[in-house]
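Working notes, structure below.
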Amino acid sequence: MQSDRIRPAPALVVMGVAGCGKSAVGEALAAELGAVFVEGDRLHPPENVARMASGEPLTDALREGWLDAIGRRIAGSVGDGQAVVAACSALKRSYRERLRGFCQDIVFLYLEIDPATAKQRVGSRRGHFMPASLVDSQFATLEAPAADENALTLDATRPIADIVADVLGLFEANS
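Just so we're aligned, residue 40 is where the sequence shown starts under my numbering, counting upward by one.
Following this line, the structure appears as structure tokens:
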């Protein structure tokens with residue numbers, strides 16, 4: 040974690056594989072920051088949801104429109120003078136760069152988790168389109184943020200309140 044160079048930004052993207060807690064952490068951070076929360080899963084086109092629900096992983100091409108929809112939401116909130124927290128897997132560096140094309144000042148919060156815990160969490164969810172069978176494909180696609188990216192890496196198995204407190208503390212210390 041490069042915490043000494045992370046500065047508060049108008050946009051924070053909580054990222055990681057399915058089951059890492061993006062939505063729960065993102066909602067809690069947005070509430071603490073008084074920010075708009077963008078749930079990336081809700082912006083998937085119906086055909087992407089159907090593919091994933093049937094156990095088919097998305098390709099880079101299928102993710103493009105979805106990433107653009109999230110990027111537009113982030114840019115719209117920032118353009119309106121509002122802070123924004125988005126939940127988006129942002130698994131590859133190219134996906135994060137695509138999001139930065141809409142808003143340069145994004146901090147990524149990578150919630151790191153092991154495959155077994157992610158599969159267990161996804162398998163116990165009810166009412167979500169993502170099956171546990173796709174967790175392995177998410178890990179296969181994952182490119183953890185590099186040292187030159189504006190990103191924090193935190194342990195996703197810790198309590199949500201602790202993760203939120205860590206992020207807020209880092210922002211406060213570096214503002």
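Just so it is clear, CB atoms sit at the ideal spot from N, CA and C, and this is done for glycine as well. Quick caveat: nothing in here was measured; it's all calculated off a predicted structure.
What's the gap between the Cα of residue i and the Cα of residue j?
i      : j      : result
Ala200 : Gly120 : 26 Å
Phe76  : Ala125 : 6 Å
Glu182 : Leu148 : 13 Å
Pro49  : Ala129 : 18 Å
Gly79  : Cys127 : 5 Å
Gln177 : Val64  : 19 Å
Arg135 : Pro198 : 25 Å
Leu51  : Glu86  : 27 Å
Leu97  : Ala190 : 24 Å
Leu173 : Ala122 : 32 Å
Gly58  : Arg137 : 23 Å
Gln41  : Ala186 : No answer about Gln41 holds up, because its pLDDT of 43 lies below 50 and its placement is not dependable.
Specify, as a first and last residue, the run of the beta strand (DSSP E) that residue i falls within.
i      : result
Phe147 : 145-151
Asp194 : 190-194
For residue i, which beta-bridge partners are listed by DSSP?
i     : result
Leu51 : Val124, Val146
Val77 : Ala125
For residue i, does the count of other Cβ atoms within 10 angstroms reach 16, so buried, or fall short, so exposed?
i      : result
Asp43  : In this predicted model, Asp43 has a pLDDT of only 45, less than 50, meaning its place in the structure is not dependable; the value taken from the coordinates is given anyway. Looking at its Cβ environment, which holds fewer than 16 other Cβ atoms inside 10 Å, Asp43 is exposed.
Ser116 : buried
Gly110 : buried
Gln81  : A quick correction: the sequence has Arg, not Gln, at residue 81. Exposed, since its Cβ has fewer than 16 Cβ neighbours within 10 Å.
Gly60  : buried
Quick check on the DSSP output: the alpha helix (DSSP H) that includes residue i runs from which residue to which?
i      : result
Lys61  : 61-72
Pro184 : Where Pro184 is concerned, there is no enclosing alpha helix (DSSP H), given that its DSSP letter is neither H nor E.
Asp107 : 99-118
Ala92  : 85-92
Glu136 : 132-139
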